[in-house]
Every structure is written in C-alpha cells, then in structure tokens.
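Chemist: The sequence shown begins at 1 in the numbering used here and counts up one residue at a time.
Backbone N, C-alpha and C fix where the C-beta goes; we use that ideal spot for every residue, glycine too.
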Amino acid sequence: MKKLIVKTWKSVLALWMVALLFIACEKNPAVEPQADILPSQFGIDIPNSLSNQNPAGRIAGGRVSEDVLQGNDIYEHLATFVWVGESAAQIVDEVITAIRKHNIDRVLTLSYESDDDGRVKNLVVVENPEYDGVVYEYGLTITDAELENDHDGGYAMQIFWNREPVKGVAIIKPANLDVLHDADEGEAMVKIEYNSDSPLGYDAHMIVTIANLTLDEPTDNPYSMRSMKMFVGKSGNIIDVYGNSSHPNARFFTNDTGFNWAFVGSADEDAGLSVVEVGLPPNNLDSSDRDVILGDYSIKNVFTEQIYAAFPNITQDMIDLYLMNTAAPGYFTNEGFVAGGTPPSGLWQHLEPRLQDLTPYNPAMIANLQIDFQ
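(1) Closest by CA to K229, which one among S235, E137, Y242 and E217?
(2) Less than 8 Å between the beta carbons of I299 and Y308, yes or no?
(3) Any idea if T219 is buried or exposed, counting beta-carbon neighbours within 10 angstroms, 16 or more meaning buried?
(4) Which complete beta strand (DSSP E) runs does the stretch 123–188 hold, if anything under 3 residues is left out?
(5) Using alpha carbons as the reference points, say which of I238, N237 and V208 lies closest to L369.
(6) Looking only at its chain, what residues have a beta carbon closer than 6 Å to the beta carbon of S196, apart from the 5 residues adjacent to it on each side?
(7) Between N255, D372 and K173, which lies nearest to F311 when the distance is taken from Cα to Cα?
(8) In the DSSP assignment, find the unbroken alpha helix (DSSP H) run with I307 in it and report its ends.
(9) Please report the residue range of the beta strand (DSSP E) in which D357 lies.
(10) Rounding to the nearest angstrom, what Cα-Cα distance links E335 and Y155 in this structure?
(11) My output table needs one value for S65: the three-state DSSP class, helix, strand or coil.
(12) With DSSP collapsed to three states, give me the class of Y223.
(13) Mapping DSSP to helix, strand and coil, what is D268?
(14) Taking all protein chains shown into account, decide if L139 is buried (16 or more other Cβ within 10 angstroms of its Cβ) or exposed.
(15) Would you say the stretch 338–356 touches the stretch 260–276, given that touching needs at least three Cβ pairs under 8 Å?
(16) Is it true that the CB of R119 sits closer than 8 Å to the CB of D432?
(17) Going by DSSP in three states, Y322 sits in which element: helix, strand or coil?
(18) Let me make sure I understand the geometry here. Which of P363, I210 and T304 has the alpha-carbon closest to that of Q316?
(19) Based on DSSP bridge pairs, tell me the residues matched to Y202.
(20) Quick check: the Cα distance between M206 and I44, rounded to an integer number of angstroms?
(21) Short check: CB of V276 to CB of G258, under 8 Å?
(22) Check each candidate in Y331, N301 and Y194 and name the one with the smallest Cα separation from Y322.
(23) Looking at F42: is its Cβ nearer than 8 Å to the Cβ of G186?
(24) So the candidates are I239, L280 and D117; which of them puts its Cα closest to the Cα of L177?
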C-alpha cells in the first residue's frame with residue numbers, strides 16, 4: 001500500500017511539472033492576467049510524533065513467541081497511516097506551487113502532451129463551479145483526451161477553491177494522470193478537503209479520503225489498505241486527528257479477516273509530544289459509538305480474544321506480559337513510542353483530555369467509501 005501511495009504522489013507531481021513545461025497550445029484568446037487566483041495553501045502539516053514514513057511493523061500471530069508486544073509494533077501502523085494522509089495533502093500544495101510558477105492565474109483552457117505517458121491532457125480553469133452542492137470561486141479540471149468518452153470521462157484531477165478564506169476540494173485519479181505507468185491503480189481515488197477558517201472550533205482543518213486502492217495478494221501482504229479517511233484540525237500548536245483505514249484481508253492470531261484501524265490522537269507541535277488511542281474493530285462494524293470502536297475493540301481486548309482463540313491453553317499471566325504495552329492511550333515523542341496506559345510524566349496532561357472529544361468514523365462507512373468527480 002505504501003509503495004502504491006508513494007508512486008502515486010510522485011506521478012502526480014511529475015505530471016504537473018511536465019504539463020506546465022510542455023504546453024502544446026492555449027485555446028483561449030489573450031487576456032490581461034489578473035492577480036494570482038490560486039489558493040495560498042491547501043493542507044496542514046502533521047507533527048512527527050504522529051506521522052512516520054518508515055515502513056509499518058507487522059502485527060501477526062507469529063509474534064506470539066516473543067515475550068512482549070512492543071508499543072512501536074502496535075502504533076507504527078498508525079504513524080504510517082497518518083503519513084499517507086498527510087502526503088496526499090502535501091502533493092496538492094506542490095501542484096498548486098507548480099501552477100503558480102507558470103502564471104496560470106486566470107480562467108483558461110489549454111492542452112499539453114504529458115511526458116509521463118505521451119498522451120494529450122486537457123486543462124480547464126473556470127469560475128463559479130459547483131461541487132457537492134457548494135459553489136466555489138474557481139475550478140480546475142484535467143482530463144486525458146483519449147479517455148474523455150470512457151465511463152469516468154477521462155478525469156484525472158479537479159480542484160475547487162475559494163481564495164479568502166481558503167476553502168476547497170481536490171480530487172485525483174492516478175490511473176488517468178499517467179495511463180502508461182499507473183493504469184494498474186484502476187479506480188483508486190483521492191480527495192482532500194481544506195478549510196482555513198474552520199467552523200469546527202479549529203483555526204483550520206482538512207479531511208483526507210482515499211478509496212478503491214488495489215489490494216496486495218493476501219499471502220504477500222494481508223495488511224494492505226483498501227480505503228481510509230482522516231480528519232486533521234489545527235489550533236495554534238495543537239493538532240487533533242481522527243480517522244480509520246480499511247484492511248479487508250488483515251488478520252492477527254486467528255483466521256478471522258477484515259479489520260478496521262480506528263484511531264484518535266492529539267499532538268503538541270512545539271513540544272514534540274502526542275497521545276493516541278487505537279481500536280481494531282471488524283471492517284463491517286456499523287457503529288459510530290466511540291466506546292464501542294475504541295473501547296470494546298481496543299487493541300488489548302481484540303488481541304486477548306484472538307490469542308485465547310488461537311492458544312486456548314495459554315495462561316493469563318503470559319497474555320498480560322505479552323500485551324503489557326498495549327494499554328490505551330499510547331504516549332509518543334518525535335522519537336517514537338514512550339509508554340502505553342500510564343504517562344511517564346506530566347508532559348502530556350494537556351493533551352490527554354482532548355482525546356475524549358474525538359471519535360473515529362463508522363468502520364462500515366470506511367469500508368464502502370466512494371469518491372466522485374463533479
């Protein structure tokens with residue numbers, strides 16, 4: 001999954017840079033350029049204590065032979081998941097920067113040949129477009145010219161935005177951005193929603209949604225991601241996050257498959273600290289109840305039940321020792337996991353109460369995510 005995401009982000013950025021260097025023809029008549037119409041920003045940076053691009057560790061039954069399941073083994077998946085969402089938002093900012101450098105600062109229509117797949121792409125900037133019932137100041141659409149009669153209209157990317165305050169939506173379909181190299185990504189879609197004047201009690205917030213990722217072979221990687229959704233809210237130096245990822249083939253100590261990685265977290269960017277809580281509900285759980293998602297299906301509860309099912313003769317003392325670092329919440333610094341359940345000091349006391357106001361999404365909803373262009 002991570003390899004797919006990284007490749008997607010690189011492809012998107014490369015396409016944009018090439019597009020802006022290899023414009024074949026501009027169809028609209030010359031007009032006097034207006035002031036820059038592009039949004040000044042389109043995402044929120046997430047502190048290192050919550051986001052980690054290192055490969056996630058495996059949480060599998062094979063680890064039961066070890067004495068203790070380390071906190072990092074539990075939470076590395078979360079850090080990678082958050083990093084994937086953050087990377088999705090960052091690529092949109094990079095795209096906007098690329099556009100700004102080449103003076104795309106007005107309503108226009110143009111075509112260019114992509115250096116990535118050698119195919120003609122069409123780009124259109126319009127005023128007052130509507131998306132999902134909201135009218136924005138501007139919209140930008142890229143399509144693959146040869147695919148415009150296909151079921152998806154050949155859409156590769158759309159951005160809808162207001163300038164002041166900055167508010168908008170960006171949607172990407174990698175397979176149409178680079179038909180030659182990314183066609184195997186099929187119907188995978190990405191959506192970023194950003195609001196610099198959040199009505200939810202934050203200075204700014206963003207929502208990252210990814211759907212229809214191609215799953216790896218279960219024997220190669222049972223933990224590959226199908227979809228995810230993450231909310232990020234920023235107030236001063238405090239960052240709150242919550243969300244879920246769907247892993248249809250995931251399994252732990254038994255043959256039960258299909259788990260949802262649900263989490264909430266709060267970080268102090270200046271102090272380099274974060275506190276998180278993680279649940280592992282089944283993928284088809286239809287509930288929005290925080291106590292169910294993070295309580296009934298806490299890591300410790302799920303693993304205890306699974307270990308007993310796989311090893312019915314194991315003693316409670318052995319389970320307690322093995323899962324000693326799985327208690328919630330988990331405490332982190334920028335260097336990684338510090339402790340689970342009990343804070344090592346009072347440094348996190350301003351973050352802990354924030355978790356109770358955060359709830360992951362309904363797991364069943366995440367398992368069935370869909371993203372559509374306008």
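Modeler: Here's the rundown:
(1) Residue 229 sits at position 229 when you count from the first residue of the sequence shown. Nearest C-alpha to K229: Y242.
(2) Working through the sequence shown from its first residue, we reach residue 299 at position 299. Working through the sequence shown from its first residue, we reach residue 308 at position 308. Against a cut-off of 8 Å, the Cβ pair of Y308 and I299 comes out as no contact.
(3) Taking the first residue of the sequence shown as 1, we reach residue 219 at position 219. So T219 counts as exposed.
(4) 138–144, 155–162 and 167–172
(5) Translated into positions along the sequence shown, residue 369 becomes position 369. Closest by alpha carbon: V208.
(6) Residue numbering aside, residue 196 sits at position 196 when the sequence shown is read from its first letter. Result list for S196: P165, V166 and A204, in chain order.
(7) Counted from its first residue, the sequence shown places residue 311 at position 311. For the residues N255, D372 and K173, the minimum Cα distance to F311 belongs to N255.
(8) Here residue 307 refers to the residue found at position 307 of the sequence shown. Per DSSP, I307 belongs to the alpha helix (DSSP H) from I299 to A310.
(9) In the sequence shown, residue 357 corresponds to position 357, counting from 1. That residue, D357, is in no beta strand (DSSP E); it is neither H nor E in DSSP.
(10) As a working note, residue 335 is residue 335 in the sequence shown. As a working note, residue 155 is residue 155 in the sequence shown. For E335 and Y155, the distance between alpha carbons rounds to 41 Å.
(11) Locating residue 65 in the sequence shown gives position 65, where the first residue counts as 1. Low confidence applies to S65: its pLDDT is 39, below 50, so where it sits in the model is not reliable, and the reading given next is rough at best. In the structure shown, S65 sits in a helix (DSSP, three-state: H, G or I).
(12) For the purposes of this step, residue 223 is taken as the residue at position 223 of the sequence shown. Coil at Y223, not helix or strand.
(13) On the sequence shown, position 268 is the one that residue 268 refers to. Assigned with DSSP and collapsed to three states, D268 falls in strand.
(14) Walking along the sequence shown from the start, residue 139 turns up at place 139. For the record, residue 139 in the displayed sequence is Gly; it is not Leu. By the neighbour-count rule (16 or more Cβ atoms within 10 Å), G139 is buried.
(15) Contact between the stretch 338–356 and the stretch 260–276 is present: three or more C-beta pairs spanning the two stretches fall below 8 Å.
(16) Nothing can be reported for residue 432, as the shown portion of the chain is limited to 1 through 374.
(17) Working through the sequence shown from its first residue, we reach residue 322 at position 322. Here Y322 carries a helix assignment [DSSP, helix/strand/coil].
(18) Counting from 1 along the sequence shown, the entry for residue 316 is found at position 316. Considering only alpha carbons, the answer is T304.
(19) By 1-based counting over the sequence shown, the position of residue 202 is 202. Its beta-bridge partners do not exist; DSSP assigns none.
(20) For this step, residue 206 is matched to residue 206 along the sequence shown. For this step, residue 44 is matched to residue 44 along the sequence shown. Going by the C-alpha atoms only, they are around 7 Å apart.
(21) Along the sequence shown, one-based indexing puts residue 276 at 276. Along the sequence shown, one-based indexing puts residue 258 at 258. Contact flag unset, no.
(22) The residue you call residue 322 lines up with position 322 of the sequence shown. Distance from the Cα of Y322 is smallest, within the candidate group Y331, N301 and Y194, for N301.
(23) In the sequence shown, counting from the first residue as 1, residue 42 sits at position 42. In the sequence shown, counting from the first residue as 1, residue 186 sits at position 186. Contact flag unset, no.
(24) Sequence index remark: in the sequence shown, residue 177 carries index 177 (1-based). Nearest option by C-alpha distance: D117.
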